[in-house]
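Chemist: Mind looking over this structure? Questions follow.
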Amino acid sequence: MKILNHQMYIYNQAYNIFLNLWQKENSKNKKLDKEDRVFRNAVSYDTVVKRALRLRKLSFSTVVTQQARINFLKAVKKSFSKENVSKRLKAIEIATTPKEKVKAFKLGMPTFKSSRDIFQSFNWNNQGYQILDDINNNTRFKTLRLLKTNFRFRCHRTFPNNYKLSSITISKDAIGYYVSFGIEFNKQVGLVVSKDNLDITKSIGIDLNAYNFAISNNVDFIQDSNIAKVTLNHLIDNGATNRKGLKYKNTIKVHIRKQSRRVLNELKNCKQSKTKFKLGSNHKKTQKKLNKLTKRISNQKIDLYHKITAELTNKFDLIVVEDLKTKNMSKSSKGNEITHGKRVKQKSGLNRTILNASFYQFVSMIQYKTTMLNDKLFVKVNPQYTSQECSCCGNIDKNNRPKQDKFKCTACGFEINPDIQASQTILKRGLESFGLGTSLVDLNKHKAFRSTSLEVAS
Ligand SMILES: [Zn+2]
Numbered sequence: 001m002k003i004l005n006h007q008m009y010i011y012n013q014a015y016n017i018f019l020n021l022w023q024k025e026n027s028k029n030k031k032l033d034k035e036d037r038v039f040r041n042a043v044s045y046d047t048v049v050k051r052a053l054r055l056r057k058l059s060f061s062t063v064v065t066q067q068a069r070i071n072f073l074k075a076v077k078k079s080f081s082k083e084n085v086s087k088r089l090k091a092i093e094i095a096t097t098p099k100e101k102v103k104a105f106k107l108g109m110p111t112f113k114s115s116r117d118i119f120q121s122f123n124w125n126n127q128g129y130q131i132l133d134d135i136n137n138n139t140r141f142k143t144l145r146l147l148k149t150n151f152r153f154r155c156h157r158t159f160p161n162n163y164k165l166s167s168i169t170i171s172k173d174a175i176g177y178y179v180s181f182g183i184e185f186n187k188q189v190g191l192v193v194s195k196d197n198l199d200i201t202k203s204i205g206i207d208l209n210a211y212n213f214a215i216s217n218n219v220d221f222i223q224d225s226n227i228a229k230v231t232l233n234h235l236i237d238n239g240a241t242n243r244k245g246l247k248y249k250n251t252i253k254v255h256i257r258k259q260s261r262r263v264l265n266e267l268k269n270c271k272q273s274k275t276k277f278k279l280g281s282n283h284k285k286t287q288k289k290l291n292k293l294t295k296r297i298s299n300q301k302i303d304l305y306h307k308i309t310a311e312l313t314n315k316f317d318l319i320v321v322e323d324l325k326t327k328n329m330s331k332s333s334k335g336n337e338i339t340h341g342k343r344v345k346q347k348s349g350l351n352r353t354i355l356n357a358s359f360y361q362f363v364s365m366i367q368y369k370t371t372m373l374n375d376k377l378f379v380k381v382n383p384q385y386t387s388q389e390c391s392c393c394g395n396i397d398k399n400n401r402p403k404q405d406k407f408k409c410t411a412c413g414f415e416i417n418p419d420i421q422a423s424q425t426i427l428k429r430g431l432e433s434f435g436l437g438t439s440l441v442d443l444n445k446h447k448a449f450r451s452t453s454l455e456v457a458s
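Take the sequence shown: its letters are residues 1 to 458, numbered as in UniProt numbering.
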């Protein structure tokens, strides 16, 4: 593991040197006319790094430094993508204090890597490695031979036939070390779903809430009973109250209290004896334990999300969710990335639960699982008034929702659980975005259309 840690360190150093060179080059070029500007090429980047590392008597592999350069240049390119540039310009416009301005100018730009961060990684290209079967013939394990060393690893997935390896990433976090292989292979894709052959019974809308995910269709759900429990068929427990995680929560509380006491004591100490502020090895040890526990809880949530999204994407051809960017959940208190709003304190409790539910993670999982093989459909819709609009008649009225847990349409009298109702409105909007003007509720009324493929327009 020492070898791996060293390579991660080298990767970070190389990356930082590239960033430093690039920043210097930029500030020099700024002063010059456009035609006089000079840009470094890849070879020149590599020579500087090699010289710098040799001067510091660090042993290194050129593959790692080259990969660091490739990733760095990718990050530079990404920072000038349309999306990032417009984000930055917006932030610069809003920023008022000098501190905010500096932050705004740096938004989306590559940053220096620190070897103190919990998550570390480095990349390897598709050469100079071997994947061997396990020495003990255990099929669950394999051996990766890299840098003249054997690393035994747990093989979570088997490689497909005729794959081509493009890159290897080795990383570590609070719990352990990981190796991931980037591969290319051909896969036969089955029937591709399009708006013409979409089966409406295989379409679903999801309403994301702090304590559950409401879905428009009834699904028998198998969930990890240790982590989450299904309350109603339409309502999936999203793990916000992670029952297995609750076990760790008290331990975490105790550790956090310990840590803050240590910090306070040390603060007092260095004030009295005028020494440098320094936390001991016990602080470090406890921090390690804390990092492990929080990582474990987040892993449980990710695992649960994978289970839910896998089930949904297997069963359904079209999945509609709210566009979180425009969903007004925590906006009023958090402001934007640069300026924080005024009501942070009052709303932070709610924000925490929202963060805990990590909707973004959930939605991105659905997105890649539906779109990666291009055989399913995925739509994001405007979430405005989804909680007030009647999915039955389309009547939008604040009074449709007299209480938090009640929905009754003032126009047609349709009565249903408000979360499920929102998910049905979301599905309806998703279908409409395909030009399919019908909804599940319509279909319940006209049972004849139910299981046939879609030829109905309302
Ligand atoms: Zn209605």
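Heads up, the beta-carbon is just placed ideally off N, CA and C, and yes, glycines get one too. Predicted, not measured: the structure shown is a model, and the values here were computed from it.
Measure the beta-carbon distance from Leu-427 to Glu-322 and round it to whole angstroms, keeping in mind my assumption that it falls under 8 Å.
Modeler: Leu-427 to Glu-322, Cβ: 11 Å. No contact.
Chemist: With DSSP collapsed to three states, give me the class of Ile-118.
Modeler: coil
Chemist: May I ask you to report which of helix, strand or coil DSSP gives Gln-384?
Modeler: coil
Chemist: Using 8 Å for Cβ pairs, my map puts Ser-115 next to Asn-12. What's the rounded Cβ distance?
Modeler: 5 Å
Chemist: Can Arg-140 and Arg-154 be called in contact, C-beta distance under 8 Å?
Modeler: yes
Chemist: Beta-carbon separation of Gln-367 and Phe-378 under 8 Å?
Modeler: yes
Chemist: So which residues put a beta carbon under 6 Å from any heavy atom of ligand 1, going in chain order?
Modeler: Cys-390, Cys-392, Cys-393, Asn-395, Cys-409, Ala-411, Cys-412 and Phe-414
Chemist: Considering Cα atoms alone, identify which of Lys-315, Thr-65, Met-372 and Tyr-178 is closest to Lys-142.
Modeler: Tyr-178
Chemist: In this structure, does DSSP put Ser-433 in helix, strand or coil?
Modeler: Coil, per DSSP.
Chemist: Distance, Cα to Cα, Ser-358 vs Ser-44?
Modeler: 42 Å
Chemist: To the nearest angstrom, report how far apart Lys-164 and Gln-127 are at their CA atoms.
Modeler: 12 Å
Chemist: If we ignore side chains and look at the alpha-carbon of each, how far apart do Ile-215 and Gln-404 end up?
Modeler: 18 Å
Chemist: For Lys-87, I'd like the list of residues in its chain whose CB is within less than 7 Å of its CB, leaving aside the five on either flank, ordered along the chain.
Modeler: Leu-107 and Gly-108
Chemist: Val-64 and Ile-10 look like a contact to me (Cβ under 8 Å); what is the Cβ gap, rounded to whole Å?
Modeler: 5 Å
Chemist: What first and last residue would you give for the beta strand (DSSP E) that runs through Gln-130?
Modeler: First-last of the beta strand (DSSP E) with Gln-130: 129-133.
Chemist: Leaving aside the five residues before and after Cys-390 along the sequence, list all residues of the same chain whose C-beta is less than 7 Å from its C-beta, in chain order.
Modeler: Asn-400, Cys-409, Ala-411, Cys-412 and Phe-414
Chemist: Looking only at DSSP bridge pairs, what is Tyr-177 linked to?
Modeler: Lys-172
Chemist: Quick check: what's the CA-CA separation for Asn-5 versus Lys-78?
Modeler: 27 Å
Chemist: Just how far apart, CA to CA, sit Lys-82 and Lys-74?
Modeler: Approximately 14 Å, taken between the alpha carbons.
Chemist: Please say whether Lys-376 and Thr-313 have beta carbons closer to each other than 8 Å?
Modeler: yes
Chemist: With distance defined between alpha-carbon atoms, name the residue in Leu-293, Gln-300, Ile-183 and Leu-324 nearest to Val-254.
Modeler: Leu-293
Chemist: Can you list, in chain order, the residues of its chain whose CB lies under 8 Å from that of Lys-276, leaving out five sequence neighbours each side?
Modeler: Cys-270
Chemist: Have a look at Asp-397, Thr-149, Lys-398 and Asn-417 and flag the residue whose alpha-carbon is nearest the alpha-carbon of Lys-406.
Modeler: The residue with the shortest Cα to Cα distance from Lys-406 is Asn-417.
Chemist: Check the C-beta distance from Asp-317 over to Lys-202 and give it rounded, since I have them as a contact under 8 Å.
Modeler: 4 Å
Chemist: Which term fits Arg-152, buried or exposed, when burial requires 16 or more other beta carbons within 10 angstroms of its beta carbon?
Modeler: exposed
Chemist: How should Phe-72 be labelled, buried or exposed, when 16 other C-beta atoms within 10 angstroms of its C-beta is the threshold for buried?
Modeler: buried
Chemist: Under the three-state reduction of DSSP, which class applies to Ala-310: helix, strand or coil?
Modeler: helix
Chemist: Following the continuous beta strand (DSSP E) through Asn-212, name the residue where it begins and the one where it ends.
Modeler: Here the beta strand (DSSP E) through Asn-212 covers 212-215.
Chemist: Identify whether Asn-123 lies in helix, strand or coil by the three-state DSSP scheme.
Modeler: strand
Chemist: Tell me, please, which residues DSSP counts as bridged to Ile-204.
Modeler: In DSSP, Ile-204 forms a bridge with Ile-319.
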